[in-house]
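Colleague: Residue numbers for the sequence shown follow my numbering, beginning at 40 and rising by one. Glycine is no exception: its CB is placed at the ideal position from the N, C-alpha and C atoms.
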Amino acid sequence: MISRGHQKIVSKIVTVNLANDSYDIHIGYGLLQNLDHYLSDLLHQRVTIITESNVAELHLTRLTEPLDQVGIKWEVIILEPGEKSKSLTVVHEVVEKLLSLQIERKDLLIAFGGGVIGDLAGFVASIVLRGIEYVQIPTTLLAQVDSAIGGKTGINSKQGKNLIGSFKQPKLVLNDLELITTLPARQYWAGYGEVLKYGLICDRDFFDWLETNSNQIKEMEIEAIMKMVQKSCQIKSTIVEEDEKELGNQRTLLNLGHTFGHAFETLTDYTNCLLHGEAVTIGCNLAFQLSAESKFCPKEDVERLTDHMRSFQLVHSPNQIKYNHPTAQMLMKAMKKDKKVMNGVLRFVLVRGIGEAFVAENVNLGLVEKILQSNLPHQ
Ligand code: GLY
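(1) Quick check on cysteine 312: buried or exposed, where buried means 16 or more other Cβ atoms within 10 Å of its Cβ?
(2) May I ask which residues mark the beginning and end of the alpha helix (DSSP H) holding tyrosine 77?
(3) Alpha carbon to alpha carbon, how far is lysine 112 from methionine 381?
(4) By how many angstroms is the C-alpha of glycine 153 removed from the C-alpha of phenylalanine 206?
(5) Whole angstroms is fine: what's the gap from leucine 344's alpha carbon to asparagine 324's?
(6) Is any heavy atom of the ligand GLY found at a distance shorter than 7 Å from the C-beta of arginine 290?
(7) Does at least one heavy atom of the ligand GLY sit under 7 Å from the Cβ of lysine 191?
(8) For a test of your reading of the model: does the CB of asparagine 214 fall under 7 Å from any non-hydrogen atom of the ligand GLY? Yes or no.
(9) Taking the alpha carbon of alanine 187 as the point to measure from, which residue in Met369, Leu211, Lys197, Ile171 has its own alpha carbon closest?
(10) For isoleucine 117, which residues in the same chain have their Cβ closer than 7 Å to its Cβ, ignoring the five residues on either side in sequence?
(11) Return yes when the Cβ of isoleucine 171 is within less than 8 Å of the Cβ of leucine 148, no when it is not.
(12) Looking at serine 134: is its Cβ nearer than 8 Å to the Cβ of leucine 159?
(13) Pick from Phe397, Asn252, Glu304, Ile274: whose alpha carbon is nearest that of glycine 287?
(14) Report the start-end ranges of each beta strand (DSSP E) in the region 67-123 that is 3 residues or longer and not cut off at the edges.
(15) Nearest by alpha-carbon distance to glycine 189: which of Leu78, Gly121, Gly161, Glu260 is it?
(16) Evaluate the contact criterion for the region 217-225 versus the region 78-86: three or more CB pairs, one atom per stretch, below 8 Å.
(17) Tell me the residue span of the alpha helix (DSSP H) that contains isoleucine 156.
(18) Can you determine whether any heavy atom of the ligand GLY sits closer than 7 Å to the C-beta of leucine 239, and answer yes or no?
(19) Less than 7 Å between C-beta atoms, sequence neighbours within five positions excluded: which residues of the same chain meet that for valine 341?
(20) Taking only three categories from DSSP, how would you classify aspartate 215?
(21) Which stretch, first to last residue, makes up the alpha helix (DSSP H) that contains isoleucine 188?
(22) Roughly how many angstroms lie between the CA atoms of proline 337 and arginine 391, to the nearest whole one?
(23) In terms of residues, what are the limits of the alpha helix (DSSP H) holding asparagine 324?
(24) Buried or exposed for methionine 40, going by 16 or more other Cβ atoms inside 10 Å?
(25) Can you tell me which of the three DSSP states tyrosine 62 falls into?
(26) Quick check: what's the CA-CA separation for isoleucine 410 versus asparagine 401?
(27) Reducing DSSP to helix, strand and coil, say where glycine 394 ends up.
(28) Using alpha carbons as the reference points, say which of Gly204, Val184, Asn195 lies closest to alanine 29.
(29) Where does methionine 259 sit, in a helix, a strand or coil, going by DSSP?
(30) Decide if asparagine 403 is buried, meaning its Cβ has at least 16 other Cβ atoms within 10 Å, or exposed.
(31) Whether or not the region 277-292 and the region 48-65 are in contact is what I'm after, with contact meaning three or more pairs of Cβ atoms, one per stretch, closer than 8 Å; do they touch?
(32) Is the number of C-beta pairs between the region 348-365 and the region 260-270 that are closer than 8 Å three or more?
(33) Can you tell me the Cα-Cα spacing of phenylalanine 303 and glutamine 72, whole angstroms?
(34) Among residues of its own chain, excluding the 5 on either side of serine 42, which ones have a beta-carbon nearer than 6 Å to its beta-carbon?
As structure tokens, then:
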């Protein structure tokens with residue numbers, strides 16, 4: 040459902056300030072109707088759109104019609120939907136296809152889809168012809184608030200998620216909220232897990248706002264979605280500006296819930312039975328429990344968070360995953376392959392409370408296993 044008067048909503052710009060790699064994130068309703076306006080400085084001869092079949096069927100003409108109107112040639116590469124496309128095999132196929140199309144350095148690539156497409160297309164843009172420019176047009180809430188921003192590109196390895204990749208900032212991000220309002224409910228709520236994460240990491244006021252505006256968010260009122268997406272983009276941009284390449288701890292904070300979450304994703308074989316945002320929501324829940332058990336975080340904050348997750352009917356517990364359930368030992372093994380491992384030591388993002396995340400080096404792994412065991416269904 041879309042609220043009244045959404046056409047009147049004025050679009051907003053959040054700038055990611057990264058010296059020569061700075062770019063704008065435009066957020067608004069119906070932005071794609073003026074696609075040529077937003078792309079005007081980047082259009083040369085030809086555009087190649089990388090997307091997946093579901094998005095292509097629903098939305099591809101939103102890009103191709105405006106391009107046709109201004110006489111820009113376009114090509115499209117349509118991939119299978121789902122995490123399985125984030126593989127070296129698919130990257131190889133896409134690169135060969137681009138080369139066979141005789142792509143030139145000045146041609147623009149558009150990543151048009153959710154996180155999988157954005158991560159893969161960004162990686163392709165960073166390697167083909169030693170790098171070409173690309174634009175992110177994310178079609179899911181998760182991608183609009185997180186994966187399309189900040190230039191992390193990547194694909195999965197058998198050893199774990201996103202273990203192969205590069206940093207390649209886009210030239211522009213277009214967050215058209217019209218795409219969000221047509222999302223399947225499950226995708227919307229998976230993306231909300233990443234929104235919630237920003238409040239949990241560093242902005243208790245934003246968490247308060249999400250609680251106070253829960254009805255508007257549940258009803259997908261466009262003013263609320265606008266504020267929610269804008270605030271999330273601002274928080275992400277600030278963190279990326281401070282620590283673009285994750286050399287310090289700042290950007291690592293964005294991984295709240297991801298150490299647990301990635302392990303569940305790995306052990307459910309990246310299948311549709313667990314979306315990335317759902318895995319992150321489960322992971323945030325477990326990271327809060329671990330923080331409380333480690334005496335960093337008051338129990339009341341854990342209860343407040345789980346109440347919030349329940350009231351939004353988010354997937355927040357491993358019990359809700361419909362798949363062969365891994366054991367705690369299997370999850371512990373998968374977690375040890377996390378990118379945050381340093382000098383062989385697993386690091387976790389923990390919290391001192393809602394809005395106060397930090398990177399913890401010396402986490403009691405016995406406690407981690409205990410938390411996993413108490414949250415897994417009895418086998
Ligand atoms: N999604 C985590 C990051 O961009 O750093």
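Modeller: With the given structure in hand:
(1) Cysteine 312 comes out exposed.
(2) Per DSSP, tyrosine 77 belongs to the alpha helix (DSSP H) from 74-78.
(3) Here the alpha carbon of lysine 112 sits roughly 47 Å from the alpha carbon of methionine 381.
(4) One C-alpha to the other measures close to 18 Å.
(5) Going from the Cα of leucine 344 to the Cα of asparagine 324 covers about 7 Å.
(6) The answer is yes for arginine 290.
(7) Yes, the ligand GLY has a heavy atom inside 7 Å of this Cβ.
(8) Not so, every heavy atom of the ligand GLY lies at least 7 Å from the Cβ.
(9) Answer by Cα proximity: Leu211.
(10) For isoleucine 117, same chain residues with a beta-carbon under 7 Å away, outside a window of 5 residues either side, are Thr90, Glu91, Ser92, Ala95 in chain order.
(11) Leucine 148 is a Cβ neighbour of isoleucine 171, given a cutoff of 8 Å.
(12) According to the sequence shown, residue 134 is valine rather than serine. Not in contact: valine 134 and leucine 159 (Cβ atoms no closer than 8 Å).
(13) Of the candidates Phe397, Asn252, Glu304, Ile274, the residue whose Cα lies closest to the Cα of glycine 287 is Phe397.
(14) Annotation: the region 67-123 contains the following complete segments of the beta strand (DSSP E) (minimum length 3 residues), in chain order: 85-91, 112-118.
(15) Closest in C-alpha terms to glycine 189, from the list Leu78, Gly121, Gly161, Glu260, comes Gly161.
(16) Segments in contact, no.
(17) Its alpha helix (DSSP H) spans residues 154-166.
(18) Result no, Cβ not under 7 Å from the ligand GLY.
(19) Here the set comprises Phe327, Gln328, Ala331.
(20) Here aspartate 215 sits in strand by DSSP.
(21) First-last for isoleucine 188: undefined, no H or E at that position.
(22) Proline 337 and arginine 391 have their C-alpha atoms some 8 Å from each other.
(23) Counting along the chain, the alpha helix (DSSP H) containing asparagine 324 begins and ends at 315-332.
(24) Its pLDDT being 40, under 50, methionine 40 is placed unreliably in this model, and the value from its coordinates should be taken loosely. Burial call: exposed.
(25) The answer is strand: DSSP assigns tyrosine 62 an E or B state.
(26) For isoleucine 410 and asparagine 401, the distance between alpha carbons rounds to 16 Å.
(27) DSSP places glycine 394 in the coil class of the three-state scheme, outside both helix and strand.
(28) Summary: the structure shown does not reach residue 29, with the chain confined to residues 40 through 418, and so no result is reported for it.
(29) Under the three-state reduction of DSSP, methionine 259 is assigned to coil, being neither helix nor strand.
(30) The residue in question, asparagine 403, is exposed, as its Cβ has fewer than 16 Cβ neighbours within 10 Å.
(31) Put simply, the region 48-65 touches the region 277-292. At least three CB pairs are less than 8 Å apart.
(32) The region 348-365 makes no contact with the region 260-270, as fewer than three CB pairs between them are under 8 Å.
(33) Looking at the two C-alpha atoms, the distance is approximately 39 Å.
(34) Because the pLDDT of serine 42 is 42, which lies under 50, any placement of that residue in the model is unreliable, and the number read from its coordinates should be weighed accordingly. If we look at serine 42 and ignore the five residues flanking it on each side, its Cβ neighbours are Glu260, Ile261.
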